[in-house]
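These notes are about the structure you will find just below.
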Amino acid sequence: MGVALVLATRNPAKAAQLRELLAGLDVELSDGTTFLDAPDVEEDGGSHLAIAIGKAVAWSRSLGALVVASDGGLSIPALGDGWSSLITRRGTGADVPDEERARRLLRRMRDLEGEHRACWWTEAVSVARSGELLGAWEANGLEGYIAHDFVPPSGGTNGFWVGGLWVTRDGVRRWALTAEDTERLGDPWMSLREPLRGLVSRLG
Numbered sequence: 001m002g003v004a005l006v007l008a009t010r011n012p013a014k015a016a017q018l019r020e021l022l023a024g025l026d027v028e029l030s031d032g033t034t035f036l037d038a039p040d041v042e043e044d045g046g047s048h049l050a051i052a053i054g055k056a057v058a059w060s061r062s063l064g065a066l067v068v069a070s071d072g073g074l075s076i077p078a079l080g081d082g083w084s085s086l087i088t089r090r091g092t093g094a095d096v097p098d099e100e101r102a103r104r105l106l107r108r109m110r111d112l113e114g115e116h117r118a119c120w121w122t123e124a125v126s127v128a129r130s131g132e133l134l135g136a137w138e139a140n141g142l143e144g145y146i147a148h149d150f151v152p153p154s155g156g157t158n159g160f161w162v163g164g165l166w167v168t169r170d171g172v173r174r175w176a177l178t179a180e181d182t183e184r185l186g187d188p189w190m191s192l193r194e195p196l197r198g199l200v201s202r203l204g
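The numbers in our numbering rise by one with no breaks, and the one at position 173 of the sequence shown is 173.
Below, the structure is given as structure tokens:
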């Protein structure tokens, strides 16, 4: 049996992304939908890396388990202090549907054109065991633009609403990118893949 590993999230899209990063390793994965008593961690760190570390340490201490946590967000420089990648989800309102989040962001950007709609992603991943941090990494990439409309994938957002707004220079949505596209555009998840898998493999 592989090493037991908990994904510190209740977000289906984030859990799927972490599962993809760890695919093929000898691990037994579970996530926050299994551990209903896992702590709700205040995401008040000053960076995505700090938030990911905080979640991994808190969950691993509470569950007495090996935990992988992540945090990420979208930077939109033209919005200045009116937008922070650290609160990509919360910055558009609490407990509202993903479609409404998208509409609110589009309204805030309605007077912006061209390079003023530029954006990029930051992602961070951390690993902790029983309250002890074992490793953490952060990466930037996938430079693109905020489209003028919201087009989610046919299967729904699955908790990843910004993917229906982000487009390449040629207008391709985030969810429509191929593996070759994401590699060419510098997907931060691909930068995090090797160090995360290397650490987890050594723990097995």
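The beta carbon of each residue, even a glycine, is placed where N, CA and C say it ideally should be.
Quick one, are the C-beta atoms of residue i and residue j less than 7 angstroms apart?
i: Ala13; j: Ala56; result: no
i: Leu74; j: Leu196; result: no
i: Trp175; j: Gly163; result: yes
i: Ala52; j: Ala69; result: yes
i: Val207; j: Val6; result: Outside the displayed range of the chain (1 to 204) lies residue 207, so it cannot be described from this structure.
i: Ser191; j: Ala139; result: yes
i: Trp161; j: Arg101; result: yes
i: Gly54; j: Gly45; result: yes
i: Asn11; j: Gly159; result: yes
Can you list, in chain order, the residues of its chain with a C-beta nearer than 7 angstroms to that of residue i? Leave out the 5 residues immediately preceding and following it.
i: Arg134; result: For the sequence presented, residue 134 should be read as Leu rather than Arg. For Leu134, where only same-chain residues beyond five positions count, the Cβ hits under 7 angstroms are Val127, Ala128, Leu199.
i: Leu193; result: The sequence as given places Arg at residue 193; Leu does not occur at that position. For Arg193, where only same-chain residues beyond five positions count, the Cβ hits under 7 angstroms are Leu21.
i: Gly72; result: His48, Trp121, Thr122, Glu123, Ala124
i: Gly155; result: none
i: Val151; result: Gly164, Arg173
Could you tell me which residues DSSP puts in a beta bridge with residue i?
i: Arg184; result: Arg184 pairs with nothing; no bridge assigned.
i: Ala176; result: BP columns for Ala176 are empty, so no partner.
i: Trp137; result: Val125
i: Glu115; result: In the DSSP output, where bridge partners are listed per residue, Glu115 has none listed.
i: Ser30; result: Val6
i: Trp189; result: Bridge partners of Trp189: none, in fact.
i: Gly144; result: Cys119
i: Glu132; result: Arg129
i: Val162; result: Answer is none; Val162 lacks a bridge partner.
Between the Cα of residue i and the Cα atoms of the options, which residue gives the shortest distance?
i: Pro77; options: Val67, Ala16, Gly114, Leu203; result: Gly114
i: Ala4; options: Pro39, Leu63, Asp37, Val41; result: Leu63
i: Gly224; options: Leu106, Glu132, Glu183; result: Lying outside 1 to 204, the shown extent of the chain, residue 224 is not represented and no answer is given.
i: Glu43; options: Ser30, Ala58, Leu36, Ala179; result: Ala58
i: Ala136; options: Asp170, Pro188, Ala50; result: Ala50
i: Gly103; options: Asp149, Arg19, Trp83, His116; result: The question names Gly, but residue 103 is Arg in the sequence shown. Residue Asp149 is the option with its Cα nearest to Arg103.
i: Asp111; options: Glu180, Leu79, Thr178, Ser85; result: Leu79
Leaving aside the five residues before and after residue i along the sequence, list all residues of the same chain whose C-beta is less than 6 angstroms from its C-beta, in chain order.
i: Thr157; result: Asp98
i: Ser255; result: In the structure as shown, the chain begins at 1 and stops at 204. Residue 255 is therefore absent and cannot be evaluated.
i: Pro153; result: Trp175
i: Val41; result: Gly54, Lys55, Ala58
Confirm the yes/no value for this check: CB of residue i, any heavy atom of the ligand ZN, distance under 6 angstroms.
i: Ser154; result: What this structure holds is no ligand at all, so the ligand ZN is not there to describe.
Quick one: what's got a C-beta closer than 8 angstroms to residue i's C-beta in the same chain, skipping five residues either side?
i: Arg25; result: Per the sequence shown, the amino acid found at residue 25 is Leu instead of Arg. Contacts found: Gly2, Arg197, Val200, Ser201, Gly204.
i: Glu220; result: The structure shown does not extend to residue 220, since the chain is modelled only from 1 to 204, so the question has no answer here.
i: Val167; result: Gly144, Tyr145, Ile146, Ala147, Arg173, Arg174
Q: Only counting runs of 4 or more residues, tell me where the alpha helix (DSSP H) segments fall wholly within the segment 63-110, in order along the chain.
A: Within the segment 63-110, the complete alpha helix (DSSP H) runs of at least 4 residues are 98-108.
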